[in-house]
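Protein sequence lines, in the order shown, are assigned to chains A and B.
Taking my numbering, I'd label the letters of the first sequence as residues 441 to 768.
Taking my numbering, I'd label the letters of the second sequence as residues -8 to 335.
Note that the Cβ used here is the ideal one computed from N, Cα and C, for glycine as well.
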Amino acid sequence: MTRYILQRLALLPLLMVIYSFVIFVIIQAPPGDFLTAYVATLASSGSSISQEQIEAWRAQYGLDQPMVVQYFLWVQHLVQGNFGLSLEYQRPNADLIGEQIGLTLALALFSFFLTWAIAIPAGIYSATHPRSIGDHILTVINYIGVATPNFMLALILMWVAFAYFDLSVTGLYSPEYADAPWSWGKLWDLLAHLWLPALVLGIAGTARLSRIMRANLLDELNKPYVVTARAKGMKEWRLVLRYPVRLAFNPLISTIGWYLPMLFSGSLIVATVMNLPNIGPLLLRALVNQDMYLAGGILLIYSFLTIVGTLLSDILLALVDPRIRVAG
Amino acid sequence: MSAAAQPLLSVRDLRVSFALDEGLVRAVDGTSFDVMPGQVLGVVGESGCGKSVTMRAILQLIERPGRITKGEIHFRRDSGVVDLAQLPPRGAEMRDIRGGEIALIPQEPMAAFSPVHTVGDQIVEAILLHSHRWQPDRKLGRREARDITVGLFRDVGISMPEQRIDTYSWQLSGGLRQRAMIAMALSCKPRLLIADEPTTAIDVTTQAQVLALLRDLQARYNTAIIFITHDLGVIAQMASYVVVMYLGRVMEEGPVDDIFHAPKHPYTRALLRSIPSLYGQTRVALPVISGALPHPFNRPPGCPFHPRCPDVMPRCSAEVPRLMPVGASQLASCFLHHEEAEQP
């Protein structure tokens, strides 16, 4: 078990090196750089900037160096915890990301728990009552959930909330708390606003997860060990939870790895539509404006989350499934 | 009549059907037999003849779309005789009997244990569920149940029981796995053990050991066993009384010697003819039962065996022969031996 975890931990730095290189290539890929985009913006608004100033900036940000040199400079700074300066905001990227990452994480985790808390019981109910009315209703809801794009759902909910209940559900705080310092009232206000975006973000995942849980559990319910447990005289709901649910659950654990970063990046469009103070819109802006070090920093955090998520789900899976723990 | 002469389990005219989309399958169609206390009853028949379904019906483990449609299953408890067919399958009394008084040894020990729980854990659970069978006046603790399990492992011949108790089923060999399963079945001192082809999935040498173990345990605890198999050789070794089933009906039953030496029903005779003999000619095709097992949706009318029967008479396709005494100790359902038909 320890060996298994150590092996995977040892892979982590290697993966980060590969990811960082790929990310750097990607953020470098669009033609031109931040300065050309910046000059174009200035030109379109009628003002201009001297060629010397541009050259000075180019030298300052290392934009005149070959790509490989730029990459190593970037990595060198990253290792020192320096995410670079945002060319657009003229502020350290670490600060910009740091301001957003807390809420982004809170939203993603909240959405994640909401998803599991709804999907797993729904899947268990559907599998243990197959083809009942309840199962059919859940199936229809699930199909709608999978088929509706979440930004569409966000728009509809916002419109319904505004048109019929006179509520503004955009943003994460009510206006009176927006700039207030942290207090219980503000936390409560945050939670009251959080559930709707969390639901919107999680709805497709919930529907998918509950279908997978249903299918897995239906398979497991026919296994001989379930008959053995029944033949012992166990209560039906207890044996279902203890044996087949446990086994049906295992494959889902390995989905945590990619589900977390998916929530993170999936929040991009929803966060833009719902005007959430989130890392998604920040990334979108950075990409549009070729604010490459900011975009690179955010993408690097996404990659890190993916790797850590996968590592976490590997460890969790080993903890709950002795077949992996002992053999691994 | 003395208590010993009263049956422990008495199945009367049991019928189980499965309502599938394609139609109704009558898997068990009027089966009757008795099990005496401490008796080893062999149930023999081809695959799909309703052996396993009958046993599941006794434990009320028939799953949808299957259903017990008719019949009685009288089981003698300390508190008196109950009709298991009338008990709610998930009710407290049925769960008390299941595992406590009637235990099951399933066919595939590999699949019958959960792979993510240790074997010991699963046996301890069974003991705790029926802890009154070990301690009538108080609940057993987990520690005590574990000690009992170690003892059971020793009883069924598992070496190093203290270590083996914490292994997973997939870490054990096939023979050990089946021994652990037997330990689980015995864990609550049942009166009746249903062994559903317990040796089919394991190799022949291990099979012999498991059979010897079951015989030994049966002699020690005087547990009644219903032993289901399609292997007549195993029946001859294990059972004192044999029930021969075909398409959900009992064709013939009687003491093991009579069934093997003086079979009455043409089906039993055909089955016995198809056993390879050590003294037979080599390189000669074994006699087989002509024809094929009918499709379950296409049950023949009258006696279910008549399309394949060598002694078929006109009457056989019209009426169903009753299970009636023929000779001193045997019963057969065949018009060759009596005239009685089932009431339509």
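Considering Cα atoms alone, identify which of the options is closest to residue i.
i: B/T259; options: B/Y270, B/G245, B/Q272; result: B/G245
i: A/L595; options: A/I573, A/V667, A/V640; result: A/V640
i: B/R67; options: B/M27, B/A83, B/T45; result: B/M27
i: A/R651; options: A/T476, A/Q447, A/P637, A/H576; result: A/H576
i: A/T750; options: A/L612, A/F704, A/I693; result: A/I693
i: B/I149; options: B/I173, B/K130, B/A136, B/G132; result: B/I173
i: A/Q468; options: A/I541, A/Y733, A/G645; result: A/Y733
i: B/M46; options: B/T220, B/K255, B/P106; result: B/T220
i: B/G111; options: B/P100, B/D187, B/R137, B/A18; result: B/R137
i: A/L770; options: A/T695, A/L716, A/D629; result: Given a span of 441 to 768 for chain A in the structure shown, any question on residue 770 of chain A remains unanswerable.
i: A/L593; options: A/L681, A/S485, A/I643, A/L630; result: A/I643
i: B/I185; options: B/V311, B/E310, B/V31; result: B/V31
i: B/R170; options: B/L223, B/P97, B/V234; result: B/P97
i: B/L223; options: B/L0, B/W125, B/V234, B/P152; result: B/V234
i: A/T668; options: B/E116, B/E37, B/S70, B/G29; result: B/E116
i: B/A210; options: B/S268, B/D146, B/L238, B/E37; result: B/D146
i: B/Q51; options: B/M85, B/G21, B/T60, B/S1; result: B/M85
i: B/M315; options: B/A332, B/P301, B/F288; result: B/A332
i: A/Q530; options: A/G645, A/A726, A/L752; result: A/A726
Drop a sphere of 10 angstroms on the beta-carbon of residue i, count the other beta-carbons inside from all chains shown, and report buried for 16 or more, exposed for fewer.
i: A/A499; result: exposed
i: A/K672; result: buried
i: B/A(-4); result: exposed
i: B/V195; result: exposed
i: B/S(-7); result: With a pLDDT of 47 at B/S(-7), under the threshold of 50, the modelled position of this residue cannot be trusted, and the question is left open.
i: A/W677; result: exposed
i: A/V395; result: There is no way to answer for residue 395 of chain A, as the model of chain A reaches only from 441 to 768.
i: A/T481; result: exposed
i: A/Q447; result: exposed
i: A/W514; result: buried
i: A/Y699; result: buried
i: A/Q520; result: exposed
i: A/P637; result: buried
i: A/A496; result: exposed
i: B/V34; result: buried
i: A/I747; result: buried
i: A/Y423; result: Absent from the model: residue 423 of chain A. The displayed extent of chain A is 441 to 768, so no value can be given.
i: B/R17; result: buried
i: B/Y270; result: exposed
i: A/M714; result: buried
i: A/I407; result: For residue 407 of chain A there is no data in the structure shown, the boundaries of chain A being 441 and 768.
i: A/W556; result: buried
i: A/V580; result: exposed
i: B/T140; result: buried
i: A/M441; result: exposed
i: B/P79; result: exposed
i: A/L454; result: exposed
i: A/I573; result: exposed
For a quick check, are the C-beta atoms of residue i and residue j less than 7 angstroms apart?
i: B/V247; j: B/A261; result: no
i: B/M242; j: B/G41; result: no
i: B/I93; j: B/P181; result: yes
i: B/D249; j: B/S324; result: no
i: A/L679; j: A/E660; result: no
i: B/R306; j: B/G282; result: no
i: A/E528; j: A/N656; result: no
i: B/I88; j: B/A76; result: no
i: A/Y665; j: B/A103; result: yes
i: A/V586; j: A/R654; result: no
Going by DSSP, which residues form a beta bridge with residue i?
i: A/E616; result: A/E616 pairs with nothing; no bridge assigned.
i: B/E244; result: B/V234, B/L322
i: B/M26; result: Residue identity differs from the one stated: residue 26 of chain B is Val in this sequence, not Met. B/L0, per the DSSP bridge assignment.
i: B/I216; result: B/V31, B/L184
i: B/R379; result: The displayed coordinates of chain B run from -8 to 335. Any statement about residue 379 of chain B would go beyond what the structure contains.
i: B/E63; result: B/R3
i: B/I96; result: B/A186
Any heavy atom of the ligand MN within a distance shorter than 6 angstroms of the CB on residue i?
i: B/Q77; result: Of the ligands one can find in the structure shown there are none, so the ligand MN has no counterpart to examine.
Below 8 angstroms, how does it come out for the segment 723 to 737 of chain A and the segment 525 to 538 of chain A: are there three or more Cβ pairs, yes or no?
Enough Cβ pairs lie closer than 8 angstroms, so yes.
For the pair the segment 759 to 766 of chain A and the segment 503 to 511 of chain A, tell me if three or more CB-CB distances fall below 8 angstroms.
Short answer: they don't touch.
Would you say the segment 741 to 748 of chain A touches the segment 444 to 463 of chain A, given that touching needs at least three Cβ pairs under 8 angstroms?
Contact between the segment 741 to 748 of chain A and the segment 444 to 463 of chain A is present, with at least three C-beta pairs closer than 8 angstroms.
Contact between the segment 3 to 21 of chain B and the segment 44 to 60 of chain B (3+ Cβ pairs under 8 angstroms)
Touching, yes.
Check whether the segment 117 to 124 of chain B and the segment 172 to 179 of chain B are in contact - that is, three or more C-beta pairs closer than 8 angstroms.
Flag = yes, the segment 117 to 124 of chain B and the segment 172 to 179 of chain B touch.
Three or more beta-carbon pairs under 8 angstroms between the segment 159 to 166 of chain B and the segment 195 to 211 of chain B, yes or no?
Touching, per the Cβ criterion.
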